[in-house]
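For the record, the sequence lines run as chains A and B. 1 is the number of the first residue of the first sequence in the working numbering; add one for each residue after it. 1 is the number of the first residue of the second sequence in the working numbering; add one for each residue after it.
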Amino acid sequence: MCNFLSRVYFLKTQTKYLLIHLCVVSPIEIAPFMPTFLGLLKEDDIGVKNVALLMVYSAVHNTPQLVIPHLKELILPQMIELAQLNMERTINLGPFKHKVDDALPLRKAALTVFATCLEKCPASLDVSSFMPVIAKALDDVEDIQLQTHQIVLTMCSRCPIPVVGAADSFVAALDKTVNKKKGQKTGTELERVYEWIKSGLRVMIAISRVDGAMTNQQFAEFFNRINNSSAHQFLLNAVDDDC
Amino acid sequence: MAGALVNRFKEREENCRVDIIECFTRLLSYTVSAASSGVLVLASSSTMDDAYGAVVVDLRSNVSSAIVKACERQLNAKKGGDRSKSSAIALLSTLSLAPGGVGGSDQINSVFKELKSILNVEDDVKHKHVTANSKSLKLEALCLVRIILSRCNPHQHDATHVKNALLPIMLPEICKCVNEDWYKVIAEALRVLMEVPHLMVLGSASKSELDMVASSLYVAIEPRLALSDLDQEIKECALSASASLLSVLHASLTLEQKNRIFDLLLERLKNETTRIAAIKALSKISAAAKSNESLDMSPIMNATLSQLALLLRQQNRGLMQTALQCLDTLVLCLASESDVEMDDGLFDSVLKDLGDIIADTDLHVCHLSLSASNSILKARPSTGALINSHILPAALTLSKSPLLQDPALSSLLVLLEELITSKAITFEKLRDMMVEQMDTSNGGKVSKQVITNLAVCIATIAAVATPAKQKSFIKSTITAINKSEDENARSTQLNLLVTGDFGRKIDLSTMGVAESVQKIYNQSFDSSNEEIKHDAALALGRASVGAICAFLPGILADLEKSSGKKQYLLLSSLRECINCFREKESDGLSSSIPLILPHLEKNCESDEEGVRSMVAECLGSLACLEPKTIMPVLQQLVTKETPNKALVNWTVGSAVKFAISGRIR
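The structure is reproduced here in structure tokens:
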């Protein structure tokens with residue numbers, strides 16, 4: 001045990017020295033050019049949009065003051081659009097048909113940017129305008145759902161008011177998630193479905209704890225129904241244990 | 001709002017008054033913290049800057065004097081309760097953190113006078129009824145004094161004003177407080193005394209003032225340092241106070257006094273509970289002694305060194321680190337060889353202990369130990385043989401560790417360099433030893449990191465060898481690469497990187513080998529081994545740093561005629577070259593930028609994603625070096641109409657991303 005601890009300590013001290021310090025552009029030098037570069041978000045090409053989102057992410061993460069002035073006009077509208085972009089196409093592989101969604105990375109990146117903004121510059125963010133996007137993302141594919149669950153959890157603790165306002169719009173998607181059928185799945189696949197449902201339950205509980213959420217009739221009805229449903233009891237207990 | 005609150009300070013009811021003062025303190029502290037955090041955001045917007053400036057002026061001219069006056073009224077009110085006094089002190093502490101501080105000499109003077117009466121009055125009262133409140137009030141007053149003293153800088157208090165106010169009014173009181181009986185008051189008083197010597201220097205005190213202060217500090221601190229049955233906090237504060245006294249005001253102390261403190265420090269060093277504080281005190285003093293001839297550490301040098309070496313055998317990591325740091329600075333105080341009589345075998349045992357702790361299990365300790373060894377070698381070149389036998393074997397083992405990096409690596413390089421320059425070992429011998437490190441691990445694969453590290457080590461020692469040796473060294477390396485066969489790809493990689501790292505430090509074109517080196521790199525680009533290709537690209541980039549005029553035109557010309565993989569390799573050379581300039585933070589590249597840019601712009605629309613992302617990294621790195629030139633270019637690229645708009649935009653977007661994050665993959 002002692003050995004293990006010293007190893008952990010060692011790793012911690014090692015990583016501290018991994019960061020190489022190199023000069024970066026001072027924000028003052030980039031700032032005047034930001035509107036042009038942010039224009040890339042509006043380009044048609046998906047690759048460009050994706051790179052532009054990564055650029056915004058890196059700016060929010062490293063130097064939030066670069067993007068804060070443009071957040072409202074140039075970034076947020078694009079993010080809202082990109083986070084809802086759907087470009088599903090079917091590839092015909094003879095006997096099989098395969099569905100590809102080219103916009104999936106974009107949606108993911110847009111949500112990541114939103115989550116980072118929430119962490120770095122919540123004051124400059126118009127959270128409520130993003131709520132419809134969140135509601136939609138809660139009904140998306142699995143990993144986007146999980147990512148969105150994390151975002152909602154953060155919002156519940158940091159800026160609960162918009163969450164309360166939008167709680168009823170979340171109900172349909174959450175209802176679907178927590179009532180996922182496990183079908184014939186076993187082993188790790190079953191585990192995964194359970195984790196997915198648990199993640200949804202965690203969000204439900206977090207929202208219910210926010211002041212005023214239970215006055216929302218639709219949400220309250222959903223919460224009480226799940227809370228009293230015998231099928232959900234063992235998962236609810238598991239979530240409680242985690243908290 | 002603020003004015004209204006200050007006016008209500010004279011509220012009759014004590015509870016009410018305390019609340020108002022506390023409320024105002026809160027308001028003030030928010031303003032102060034908003035201002036300091038606001039500075040970051042403000043750098044970019046000018047409108048808010050003005051608003052912020054207005055607040056400062058306001059605070060300096062009107063509010064601060066009003067606050068001070070109001071607080072004084074609280075402090076000297078006879079009937080005023082302790083609680084309102086204490087909250088007034090808290091308010092003043094907050095104020096002294098604000099830009100502008102408490103104010104000019106008048107304010108400081110009057111604040112000190114009030115505080116003196118607090119410290120003083122209770123001295124008389126003490127015998128009659130000692131209340132817990134009055135003690136804590138005293139403590140708070142001392143804290144305030146310390147904060148004011150520690151905030152002497154151009155933005156806040158003027159050091160001369162504080163000094164002039166401090167000497168006649170406060171100093172005797174503080175010294176008296178050291179003899180109080182509550183341990184917290186004693187410790188705080190010692191902390192205040194710790195700030196005093198530094199203040200004296202800032203306030204450009206006269207010689208007589210310095211002497212006076214030094215002797216009164218000595219009289220106050222010495223008994224606390226000498227007694228052993230005291231609270232731990234007092235002991236530690238006494239140690240740091242004496243360190244600051246000795247390192248700043250040593251000229252005003254008599255020899256006897258200095259030796260007395262040295263003896264006591266040594267005694268504390270031997271004690272288990274106080275040793276870390278003692279080591280820190282000794283480090284501070286030796287750092288001062290290093291830059292100042294008149295402070296002589298020799299009386300305790302021998303004993304301290306052996307004591308510190310003993311501590312290196314302890315398992316306690318924190319202790320080991322502080323001991324190593326102290327050792328490092330202490331050794332540098334050693335002047336010329338004949339200056340101090342050193343014990344025989346002292347360095348032998350110290351170096352043995354230092355060698356024992358060099359291992360890749362703890363790189364930070366390694367780094368400190370290597371750097372201490374280097375300092376010893378520097379101070380006493382005669383220890384070269386001892387270093388060779390005690391430190392070098394461990395250092396060589398370390399050099400082939402795949403974990404070796406950053407600070408440990410750089411201190412290893414410094415030590416190796418010193419070994420060559422002090423002629424402790426010949427260049428050829430050390431180089432052969434380094435090369436051998438590759439062979440010993442023939443059984444397993446040598447990792448890339450190890451090859452890179454060894455190459456840097458060899459290049460570093462070659463760079464300090466004599467020019468004649470350098471010439472024959474680089475020639476033999478080139479021959480070795482030319483003759484190499486496929487089975488010893490590893491040593492070819494090593495040799496390639498050695499030429500690159502060497503070329504980074506020494507201009508290869510002056511040795512007449514630039515052309516042949518560039519030829520080898522070009523040949524290596526056609527090698528079947530991917531790693532050799534990659535290392536040749538890195539080496540070419542690094543060698544260009546030393547001789548930009550010799551290599552850059554070749555790189556750019558080749559870039560013009562090549563495509564695909566080779567283009568990618570040449571661009572990664574370019575990136576490596578730019579990044580080396582970024583590491584050095586030098587502007588040696590600025591004149592070459594006009595040459596580089598057209599090629600990068602052209603390749604912005606390359607079909608291959610790899611090439612484009614390399615171009616983006618180059619542009620991003622260049623933007624960090626020369627934002628004024630590159631940012632407009634990037635903007636122009638985005639707005640220009642070309643058939644491959646999407647590709648160009650992709651590249652520019654990534655370039656901006658790299659420029660903002662500054663990271664290199």
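The beta carbon of each residue, even a glycine, is placed where N, CA and C say it ideally should be.
Who are the Cβ neighbours of PHE234 of chain A in its own chain at under 6 Å, not counting the five residues just before and after it? none
Chain B contacts made by the segment 114 to 128 of chain A, where a contact means CB separation under 9 Å: none
LEU42 of chain B in three-state terms, based on DSSP: At LEU42 of chain B the pLDDT is 33, less than 50, meaning the model places this residue with poor confidence and gives no usable figure here.
Give the interface partners of THR63 of chain A over in chain B, defined as CB-CB distance under 8 Å, in chain order. ILE660
N- and C-terminal bounds of the beta strand (DSSP E) containing LEU71 of chain A: Counting along the chain, LEU71 of chain A falls outside any beta strand (DSSP E), and DSSP gives it neither H nor E.
Does any C-beta atom of chain B lie closer than 7 Å to the C-beta of LEU54 of chain A? yes
Quick one: list the residues of chain C neighbouring THR639 of chain B, beta-carbon separation under 8 Å, in chain order. Checking the listed chains, one finds no chain C in this structure; the protein chains it contains are A and B.
Does any residue of chain A bring its CB to less than 7 Å from the CB of TRP650 of chain B? yes
Which one of B:GLN314, B:LYS657, B:LEU266, B:HIS364 has the shortest CA to CA distance from SER298 of chain B? B:LEU266
For TRP650 of chain B and SER46 of chain B, the rounded distance between their alpha carbons: Low per-residue confidence applies at SER46 of chain B: pLDDT is 33, beneath 50, and the placement is therefore not dependable, though the value from the model is reported in the following sentence. Rounded to whole angstroms, SER46 of chain B to TRP650 of chain B spans 33 Å at the Cα level.
Run through the segment 570 to 626 of chain B for me and flag every whole beta strand (DSSP E) of 3 or more residues, listed as ranges in chain order. none
Check this for me: beta carbons of SER369 of chain B and LEU354 of chain B, under 7 Å apart or not? yes
Using the beta-carbon of each residue, which ones in chain B are nearer than 7 Å to ALA231 of chain A? Those do not exist, as ALA231 of chain A stays about 47 Å from chain B at its closest Cβ, beyond 7 Å.
With 7 Å set as the bound, which would you pick, yes or no: does the beta-carbon of GLY200 of chain A sit closer than that to a beta-carbon of chain B? no
Take GLN257 of chain B as the anchor and find which of B:LEU324, B:SER215, B:MET200 has the nearest alpha-carbon. B:SER215
Roughly how many angstroms separate the alpha carbons of GLU233 of chain B and LEU239 of chain B, rounded to a whole number? 10 Å
Contact set between the segment 281 to 309 of chain B and chain A, restricted to residues whose Cβ is under 7 Å from the partner: none
Quick one: is PHE222 of chain A near chain B, going by C-beta distance under 7 Å? no
According to DSSP, what are the bridge partners of ASN92 of chain A? A:LYS97
Hey, how far is the Cα of LEU396 of chain B from the Cα of ASP501 of chain B? 19 Å
Check each candidate in B:LEU454, B:ALA465, B:LEU571, B:MET194 and name the one with the smallest Cα separation from LEU412 of chain B. B:LEU454
Which chain B residues sit within Cβ distance under 8 Å of GLU81 of chain A? Correct list: empty, because the minimum Cβ distance to chain B is about 17 Å.
Please work out which residues of its chain come closer than 6 Å, Cβ to Cβ, to THR90 of chain A, disregarding the five sequence neighbours upstream and downstream, and give them in chain order. LYS97, LYS99
Are the C-beta of GLU73 of chain A and some C-beta of chain B separated by less than 7 Å? no
Taking Cβ-Cβ distances below 9 Å as the criterion, which residues of the segment 611 to 633 of chain B are in contact with chain A? ALA616, GLY620, SER621, ALA623, CYS624, LEU625, PRO627, LYS628, ILE630, MET631, PRO632
Since I believe VAL464 of chain B is in contact with ILE420 of chain B (beta carbons under 8 Å), could you give me their beta-carbon distance rounded to a whole number of angstroms? 5 Å
Thinking just about the alpha-carbon of each residue, which of A:GLN147, A:ILE30, A:VAL164, A:ASN50 is nearest to the one in SER128 of chain A? A:VAL164
Would you mind listing the alpha helix (DSSP H) stretches within the segment 144 to 178 of chain A that are 4+ residues and don't spill past its ends, in chain order? 160 to 178
Go ahead and pull the three-state DSSP assignment for VAL456 of chain B. helix
Does LEU40 of chain A get closer than 7 Å to chain B when you measure Cβ to Cβ? yes
Label SER544 of chain B either buried or exposed according to how many other C-beta atoms from any shown protein chain fall within 10 Å of its C-beta, with 16 as the threshold for buried. buried
Does the Cβ-Cβ distance between ILE555 of chain B and SER516 of chain B come in under 7 Å? no
I'd like the ranges of any alpha helix (DSSP H) spanning at least 4 consecutive residues and lying wholly in the segment 333 to 421 of chain B. 346 to 356, 363 to 379, 384 to 390, 392 to 399, 406 to 421
Since ALA206 of chain A is in the alpha helix (DSSP H), which residue starts that stretch and which ends it? 187 to 209
Under 6 Å from any heavy atom of the ligand NAP, does the C-beta of LEU265 of chain B make it? This structure lacks the ligand NAP, and indeed carries no ligand of any kind.
Closest by CA to ARG225 of chain A, which one among A:VAL171, A:SER199, A:GLU189? A:VAL171
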